[in-house]
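Per my numbering, residue 50 is the first one in the sequence shown, and the count goes up by one each step.
We put the beta carbon where it would ideally sit given N, CA and C, even for glycine.
Just so we're clear, the structure is a prediction, and the values are computed from it rather than from any experiment.
In what follows, a single structure is set out as structure tokens and then discussed.
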Amino acid sequence: MNKIWYILLLAFLAACSSPAEQENVQKVISSVQEKYAPDHREALFQVTSEKRGDEVILKGETNLPDAKFELMNTLGDNGVKTVDSIEVLPQKQLGDRNWALVNLSVANIRSNPRHSAELATQALLGTPVRVLKKHHGWYYIQTPDNYLGWVDSWGIHRENEAGMNQWRNAKRVIFTADYGLIRTQPDATSQPVSDVVMGCILEQTATNGKYAEVSFPDGRKGYLPQSELRNFTEWENNVKPDRAAICKLAHLFVGRPYLWGGTSPKAMDCSGFVKTVYFNFGIILARDASLMVRHGKPVTLKNAKPGDLLFFGYHGKNGPRVTHTGLYLGEMNIEHSAGRVRLSSLDSTKSNYFTYAPGYMVGMRDVIDSIDTKGIVSVKNHPWY
């Protein structure tokens, strides 16, 4: 909603009864939320209002300072007396350590601060995240694709801005093999320190023959074969999302198990599979299929190219609801994670014909020709890296 709508709405607040005033203030809050935080998975704006005497008390929290500023200014400019009890995250108790680096090969990020909560997404070792608040031993974080969720304290190593800048300027390497083990010594028989998967980022601190000494965010060290690593700066500046190469890499994951919330080579859901493939070509996509479909250039099967994304869904109250995605390989063939990562066909005469039981194919998107537009960001141009 624009400023004019706010002014028209609030012009009659003084003439309203208290319940009506409260209702209309809430409408303004909802409009600000719709403008700045239309999807709770990517932005936080939870604000309520309470009438107390001639004042309106605003309560809640947000990670969007601009949204709060617009809300307060709009109400104030139109004579609404407000009491500001909205907390802008990060929490003050976090101090200046409101950044973090993922400290496990794959960190689980949940919908609520407990291990029994739904697995919402995952983040790989070395991924930079924003830390927004703390609850006991859990941290509410935002990942580079803007997704929000809770990670336990073992999954991240907190940093301040200076620490993050030091990390950005360090000699970083990205693991480019499928799977590996970081070991205590530069040989293949020594004790493992941790596993590592494609896309993990570490610092390289030394070289020992065919091995590189690498450092974790928390300072742990170990060794990996240099042949499995690539200089991160060189990688992010030169990796290209070539369509044929994307499809070739996707084939590597055939047979990997489906995992709701999974976004790593170990196991992945449908959008996690697509994200994993594209990240290894330097592209960060939105987290969920229903978010991905909002970005990129619409295409059809007639003009689709290998590497484009397909989206499936069903009819909802407000139109198609997207619930599944996959990668187009060309000639009516697709690859997607459904039970496991698999190859399927859109040709009903084929033995591997894929029928989406809940509904139908909603559409397709070309993301390769839309890099560095909203929801399709190259790693080299993402400020957190």
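With 16 other Cβ atoms within 10 Å as the buried cut-off, status of residue i
| i | result |
| --- | --- |
| residue 304 | exposed |
| residue 82 | buried |
| residue 284 | buried |
| residue 289 | exposed |
| residue 293 | exposed |
| residue 373 | buried |
| residue 261 | buried |
| residue 355 | buried |
| residue 327 | buried |
| residue 357 | buried |
Whole-angstrom C-beta distance between residue j and residue i, which should lie under 8 angstroms
| i | j | result |
| --- | --- | --- |
| residue 385 | residue 319 | 6 angstroms |
| residue 187 | residue 199 | 5 angstroms |
| residue 475 | residue 263 | Outside the shown range of the chain (50 to 434) lies residue 475, about which nothing can therefore be said. |
| residue 189 | residue 234 | The Cβ separation is near 38 angstroms, so there is no contact. |
| residue 150 | residue 180 | In fact, because the Cβ distance is near 11 angstroms, the residues do not count as touching under 8 angstroms. |
| residue 413 | residue 348 | 5 angstroms |
| residue 420 | residue 332 | 6 angstroms |
| residue 299 | residue 376 | 5 angstroms |
| residue 402 | residue 361 | In fact, because the Cβ distance is near 14 angstroms, the residues do not count as touching under 8 angstroms. |
| residue 379 | residue 329 | So it is not a contact: roughly 20 angstroms between Cβ atoms. |
Spatial distance of residue i from residue j (CA atoms)
| i | j | result |
| --- | --- | --- |
| residue 236 | residue 246 | 19 angstroms |
| residue 123 | residue 87 | 19 angstroms |
| residue 424 | residue 89 | 15 angstroms |
| residue 72 | residue 128 | 16 angstroms |
| residue 240 | residue 313 | 24 angstroms |
| residue 163 | residue 306 | 24 angstroms |
| residue 213 | residue 146 | 10 angstroms |
| residue 64 | residue 345 | Unreliable positioning characterises residue 64 in this predicted model, as indicated by a pLDDT of 40, which lies under 50. The coordinate reading is nonetheless provided below. Rounded to the nearest angstrom, the two C-alpha atoms are 46 angstroms apart. |
| residue 393 | residue 418 | 25 angstroms |
| residue 429 | residue 287 | 9 angstroms |
| residue 74 | residue 368 | 29 angstroms |
Cβ neighbours of residue i in the same chain (closer than 7 angstroms, five flanking residues each side left out)
| i | result |
| --- | --- |
| residue 308 | 316, 317 and 318 |
| residue 119 | 81 |
| residue 281 | 221, 222, 223 and 250 |
| residue 201 | 186 and 187 |
| residue 359 | 374, 375, 377, 383, 410 and 413 |
Sequence-distant residues of its chain with Cβ nearer than 8 angstroms to residue i (five each side left out)
| i | result |
| --- | --- |
| residue 167 | 159, 160, 161, 309 and 310 |
Close beta carbons around residue i, own chain, < 6 angstroms, minus the five adjacent residues each side
| i | result |
| --- | --- |
| residue 434 | 428 |
Would you call the stretch 189 to 199 and the stretch 216 to 235 touching, i.e. three or more CB-CB distances under 8 angstroms?
The stretch 189 to 199, when compared against the stretch 216 to 235, does not touch it at the 8 angstroms Cβ threshold.
Across the stretch 110 to 125 and the stretch 386 to 397, are there enough close Cβ pairs to call them in contact, namely three or more that are closer than 8 angstroms?
Cβ pair count under 8 angstroms is below three, so no.
Using 8 angstroms as the Cβ pair cut-off and three pairs as the minimum, do the stretch 88 to 105 and the stretch 337 to 354 touch?
Flag = yes, the stretch 88 to 105 and the stretch 337 to 354 touch.
Could you tell me whether the stretch 152 to 159 touches the stretch 131 to 138, using the rule of 3 or more Cβ pairs below 8 angstroms?
no
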